[in-house]
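**Student:** Residue numbers (my numbering), protein chains in the order written: chain A, 1099 to 1451; chain B, 1099 to 1451. All residues carry an ideal CB built from backbone N, CA and C; glycine is no exception. Before we start, here is the structure in question, set down as structure tokens.
There are 2 protein chains.
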Amino acid sequence: MERRATIKDVAEAAGVGVATVSRVLSGGSASPRTRERVLAVAAQLDYRPSALGRNLRQRRTGGMGLLVPDLTDTFYGQLAEGVLACARSAGEPVVLGSTGGDPEQESELIGMLLEQSVDRLIAVPSGDAETWAPAIRAGMTVVFADRLPAPAAAEEDVRAAALTDLLALDGLPATPQTRPLDVPAVVADDRAGIRTAVRYLRGLGHKRIAFLGGPGHDRRVAAFREAVGAPVDEELVVFGTGSRDSAYAAASGLFQSRPDLSAVVTGGNVLGEAAVLAARELDLRVPRDVSLVMYDDVPWAELCSPPLTVIAQPGRDMGYRAAELVLRAGTRKPRSVVLPTELIIRGSCGPRR
Amino acid sequence: MERRATIKDVAEAAGVGVATVSRVLSGGSASPRTRERVLAVAAQLDYRPSALGRNLRQRRTGGMGLLVPDLTDTFYGQLAEGVLACARSAGEPVVLGSTGGDPEQESELIGMLLEQSVDRLIAVPSGDAETWAPAIRAGMTVVFADRLPAPAAAEEDVRAAALTDLLALDGLPATPQTRPLDVPAVVADDRAGIRTAVRYLRGLGHKRIAFLGGPGHDRRVAAFREAVGAPVDEELVVFGTGSRDSAYAAASGLFQSRPDLSAVVTGGNVLGEAAVLAARELDLRVPRDVSLVMYDDVPWAELCSPPLTVIAQPGRDMGYRAAELVLRAGTRKPRSVVLPTELIIRGSCGPRR
DNA sequence: CCTCTCCATGGAAACGATTCCATCATGCTT
DNA sequence: AAGCATGATGGAATCGTTTCCATGGAGAGG
């Protein structure tokens, strides 16, 4: 366990000052002669600049933070892989946190990142605008992925701004308004995805279509409501809290309370899983008794019998793009990105019986 | 975006020296009177010590690194969740890297962590002992999870040591030997898991049982060989390289080249997924035509029709325990941990037709 | 009452990089 | 040839913390 060489060692061995070494290594100006010598010595001593010194001096830790609700959810696994891929190609570290969908834990993790002086953050938010205010106020560059934080309960203007954001992202005309929470986001085109799915089901003759959502699926629910059109049968819009158990309970409850429904759209893959399980448990055949469209394309969607028809969103790309945004934030002002979704028709939807 | 308060600000506001503030905040000795005042001022200024200064001074970054092959693999998602849970309760950051199962990327990530002075690392290793030598030499506290690195190709003594390790972990008498790569690990009891599965299949009458493995499944293959007993039909032991495509190719190739096999054990869930897909594609019914046991219990195993019989290993616990080990490493010398596996019988195995 | 001990306390030195600024040499212009 | 601009260079300050060490005061024991 030998002590690592410092910039001082290199300077001494090369017979130059530390400033020169630093310049050479970070691309500053130096005479070719000196540059060569320093490089040679550095290589010979196997010198690698310590991030510690640099970080302190620049009062910021490199790299970025990444906050997701649950890595066990394959979609967030894909998203994380995307972020990691981009970070790796930039040689930057990624500090990961899993919030469990709990705003309080999210808040704590933000605090931890602040303490670490990590000033770039990609997040699938669970808390509302209020939860995120401290991060923004501290000057963090934040990029949201997959969804936006709910508007703060208390502050009216924040609410308005977040709403503006939602509408803008959905392509609706945004009312001109100040935007206190001015954070770029990388999201999928939920609206188009849901609309396509609902139209597809309608085309198969389905009239009573249910939506099974979870936390953070606000935009998808809104899109669903819009797609089915008024009047919306509110009993057909149900929610789980995020855990697999609660998703199962919600799905099971839905099927039992409304045996007349003929199709279900789920807002995420955990909900989709729950729907398949609950349907089987209640002896509902897919797609004979009930048709199913799940948000998220995950590898196991193909494994089900029948294979699941899904609204695919590019999880990996979302992560990659978000990481790009957060890294380039210094250069250009990042704008939000909306990625396309695709309805992948497999076998879980059939004509209304 | 206000500047954060430093220890100096606190000291000044409290009318004490910075040393005293530091002591109070890190539990050193101080008079109750001073302590109270410092605490009050710190709270009032919303002071949080910057990890940057501390890290530089102690020449180490807190927290731990985590290296997994692929977060898209649900099992590693579970493992990561375990690590994160433990780290969170300790208030420590986790730096994540995904290696894609590639020793070279793994090596680069180790270098990155070294540069960050992260000196605690949990890894599902992809490279061999040689890949890991630099980390050990640099004084990192490493804990392997799920598997051990393959012995180095070149060094004979390292090979011997790693072999010793393997045998010891499997409960076989280990030949006394020097162990150059002395790294604790948290692994599942692969041997018992595989043996139980093979016995179960034998009990159902199966004679030609195949094993479908991937990189890092060495111990599972070894256990499989031992469980089926000599002579092993080598054509029934096949490998993929880790990607989903290659897993599918391996599974499909196996089924086609040996239509006489009646049961398959897969070394991981990606391979299991591939086996289900390949079987369906070739019109093999599970379990009528072929029985299937998959390593790893993942949520979607229950979704398959029929639900998959699996060898469950506690991914989350493995992560948690590994994190505990790596955090306690300063206190007590960590010993390797072997966690139990469980054969969960669902519907993918039937009597030999 | 003096001294010895112990504890609280603050000043200052690390830690390893970046970066400002002064210095010096070189080469060009007038 | 003198002056000026340009570029290379090294010393020193800086970032925010921990920790070593010296100092001072108070209490206890002689």
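1. Mind checking whether MET1162 (chain A) and VAL1139 (chain A) have CB atoms under 8 Å apart?
2. Note the first and the last residue of the continuous beta strand (DSSP E) segment covering MET1162 (chain A).
3. Under 8 Å, Cβ to Cβ, is there at least one residue of chain A near ARG1342 (chain B)?
4. List the endpoints of the continuous beta strand (DSSP E) containing ARG1218 (chain B).
5. Look at LEU1164 (chain A) and LEU1194 (chain A) and say whether their C-beta atoms are less than 8 Å apart.
6. Taking any Cβ of chain B, which residues in the segment 1410-1436 of chain A have a Cβ under 8 Å from it, in chain order?
7. State the start and end residues of the unbroken alpha helix (DSSP H) segment that holds VAL1136 (chain B).
8. So if DSSP puts VAL1281 (chain A) in a beta bridge, which residue, or which two residues, is it bridged to?
9. Listed in chain order, which residues of the segment 1200-1212 of chain B have Cβ atoms closer than 9 Å to some Cβ of chain A?
10. With respect to the alpha helix (DSSP H) encompassing THR1172 (chain A), which residues constitute its N-terminal and C-terminal limits?
11. Examine the Cβ distances between the segment 1123-1143 of chain B and the segment 1122-1138 of chain A and report whether three or more of them are shorter than 8 Å.
12. So for VAL1436 (chain B), helix, strand or coil by DSSP?
13. Pop quiz: ALA1325 (chain A) and VAL1296 (chain A) are said to be a contact at Cβ under 8 Å. What is the actual Cβ separation, rounded to whole angstroms?
14. Roughly how many whole angstroms lie between the Cα atoms of ALA1183 (chain B) and VAL1408 (chain B)?
15. Between which residues of its own chain and TYR1174 (chain A) is the CB-CB distance below 7 Å, once the five residues before and five after are set aside?
16. Should GLY1189 (chain B) be flagged as near chain A, meaning a C-beta pair shorter than 8 Å?
17. Excluding the 5 residues preceding and the 5 following ASP1287 (chain B) in the sequence, name in chain order all residues of the same chain whose CB lies nearer than 7 Å to its CB.
18. Taking a Cβ distance cut-off of 8 Å, strictly less, list which residues of the segment 1127-1157 of chain A are near chain B, in chain order.
19. Using the Cα positions of THR1170 (chain B) and ARG1101 (chain A), report the straight-line distance between them to the nearest angstrom.
20. Which residues in the same chain as ALA1128 (chain B) place their Cβ atom closer than 8 Å to its Cβ, once the five residues preceding and following it in sequence are excluded?
21. Quick check on the burial criterion: 16 or more other C-beta atoms within 10 angstroms. Buried or exposed for GLU1379 (chain B)?
22. Rounded to the nearest angstrom, how far is the Cβ of TYR1346 (chain B) from that of LEU1441 (chain B), given a contact under 8 Å?
23. Report the rounded CA-to-CA distance for GLU1254 (chain A) versus ALA1227 (chain A), giving the unit in angstroms.
24. In this structure, how does DSSP classify MET1210 (chain B) when only helix, strand and coil are distinguished?
25. Would you check if the distance between the CB atom of PRO1249 (chain B) and the CB atom of THR1229 (chain B) is smaller than 8 Å?
26. Could you check what DSSP says for ALA1243 (chain A) in three-state terms: helix, strand or coil?
27. Out of curiosity, what's the CA-to-CA distance linking LEU1279 (chain A) and THR1294 (chain A)?
28. Output needed for ALA1103 (chain B): all residues of its chain with C-beta closer than 6 Å, excluding positions within five of it in sequence on either side, in chain order.
29. Counting only beta-carbon separations shorter than 8 Å, does PRO1438 (chain B) have a partner in chain A?
30. Below 8 Å between beta carbons: does that hold for VAL1417 (chain A) and LEU1150 (chain A)?
31. Measuring CB atoms only, is the segment 1363-1375 of chain B touching the segment 1367-1377 of chain A, in the sense that at least three cross pairs come out at less than 8 Å?
32. So if I threshold CB-CB distances at 7 Å, which residues from the segment 1169-1180 of chain A count as touching chain B?
33. Is there a Cβ of chain A sitting closer than 8 Å to that of PRO1313 (chain B), yes or no?
34. If contacts are defined as beta-carbon pairs under 8 Å, then LEU1513 (chain A) and ARG1306 (chain A) qualify, I think. What distance do you get, rounded to the angstrom?
35. Using only CA atoms, which one of A:GLY1189, A:ILE1234 and A:SER1389 lies nearest to LEU1211 (chain A)?
36. Straight-line CA distance for GLY1445 (chain B) to PRO1404 (chain B)?
**Tutor:** In terms of the structure at hand:
1. For MET1162 (chain A) and VAL1139 (chain A), no; Cβs fall outside 8 Å.
2. Annotation: the continuous beta strand (DSSP E) that includes MET1162 (chain A) extends over 1162-1166.
3. Using a CB distance cut-off of 8 Å, ARG1342 (chain B) counts as an interface residue toward chain A.
4. Per DSSP, the continuous beta strand (DSSP E) segment holding ARG1218 (chain B) begins and ends at 1218-1221.
5. In this structure, LEU1194 (chain A) lies closer than 8 Å to LEU1164 (chain A) by Cβ.
6. Residues: none.
7. For VAL1136 (chain B), the enclosing alpha helix (DSSP H) stretches over residues 1130-1143.
8. The partner list for VAL1281 (chain A) (beta bridge, DSSP) is empty, contrary to what the question assumes.
9. If the cut-off is 9 Å between Cβ atoms, the segment 1200-1212 of chain B has GLN1203, GLU1206, LEU1207, GLY1209, MET1210, LEU1211 and LEU1212 near chain A.
10. Start and end: 1172-1188.
11. By the Cβ criterion, the segment 1123-1143 of chain B is not in contact with the segment 1122-1138 of chain A, since fewer than three pairs of Cβ atoms, one from each stretch, lie closer than 8 Å.
12. DSSP places VAL1436 (chain B) in strand when its eight states are reduced to three.
13. Between VAL1296 (chain A) and ALA1325 (chain A) the Cβ distance is about 4 Å, and since that is below 8 Å, they are a contact.
14. Their Cα atoms are separated by approximately 25 Å.
15. Here the set comprises VAL1166, PRO1167, ASP1168 and VAL1222.
16. Closer than 8 Å: yes.
17. For ASP1287 (chain B), where only same-chain residues beyond five positions count, the Cβ hits under 7 Å are VAL1436, LEU1437, PRO1438 and THR1439.
18. Answer in chain order: ARG1146, PRO1147, SER1148, ALA1149, LEU1150, GLY1151, ASN1153, LEU1154 and ARG1157.
19. Between the alpha carbons of THR1170 (chain B) and ARG1101 (chain A) lies a distance of about 37 Å.
20. Here ALA1128 (chain B) has THR1118, ARG1121, VAL1122 and VAL1136 as same chain residues with Cβ atoms under 8 Å from its own Cβ, once five neighbours each way along the sequence are excluded.
21. Sixteen is the threshold: since fewer than 16 other Cβ atoms of the shown chains lie within 10 Å of the Cβ of GLU1379 (chain B), the residue is exposed.
22. LEU1441 (chain B) and TYR1346 (chain B) do not touch by the CB rule: their CB atoms are close to 25 Å apart, not below 8 Å.
23. Confidence in GLU1254 (chain A) is poor, its pLDDT being 49 and thus under 50, which makes the residue's placement too unreliable to answer from.
24. Per DSSP, reduced to three states, the secondary structure at MET1210 (chain B) is helical.
25. Going by beta carbons, PRO1249 (chain B) and THR1229 (chain B) fall outside the 8 Å limit.
26. ALA1243 (chain A) falls in the strand class under three-state DSSP.
27. Each residue's alpha carbon lies about 30 Å from the other.
28. Hits under 6 Å: LEU1143 and TYR1145.
29. For PRO1438 (chain B), no Cβ of chain A is located within less than 8 Å of the residue's own Cβ.
30. In the sequence as displayed, the identity of residue 1417 (chain A) is Gly instead of Val. In this structure, GLY1417 (chain A) sits away from LEU1150 (chain A), with a CB-CB distance that is not shorter than 8 Å.
31. Because the criterion of three Cβ pairs below 8 Å is not met, the segment 1363-1375 of chain B and the segment 1367-1377 of chain A do not touch.
32. Closer than 7 Å at the C-beta level to chain B, one finds these residues of the segment 1169-1180 of chain A: LEU1169, THR1170, THR1172, GLY1175, GLN1176, ALA1178 and GLU1179.
33. Not an interface residue.
34. A question about residue 1513 (chain A) goes unanswered here, because the residues of chain A that appear run from 1099 up to 1451.
35. When only C-alpha atoms are compared, the closest one is A:ILE1234.
36. Roughly 5 Å separates the two Cα atoms.
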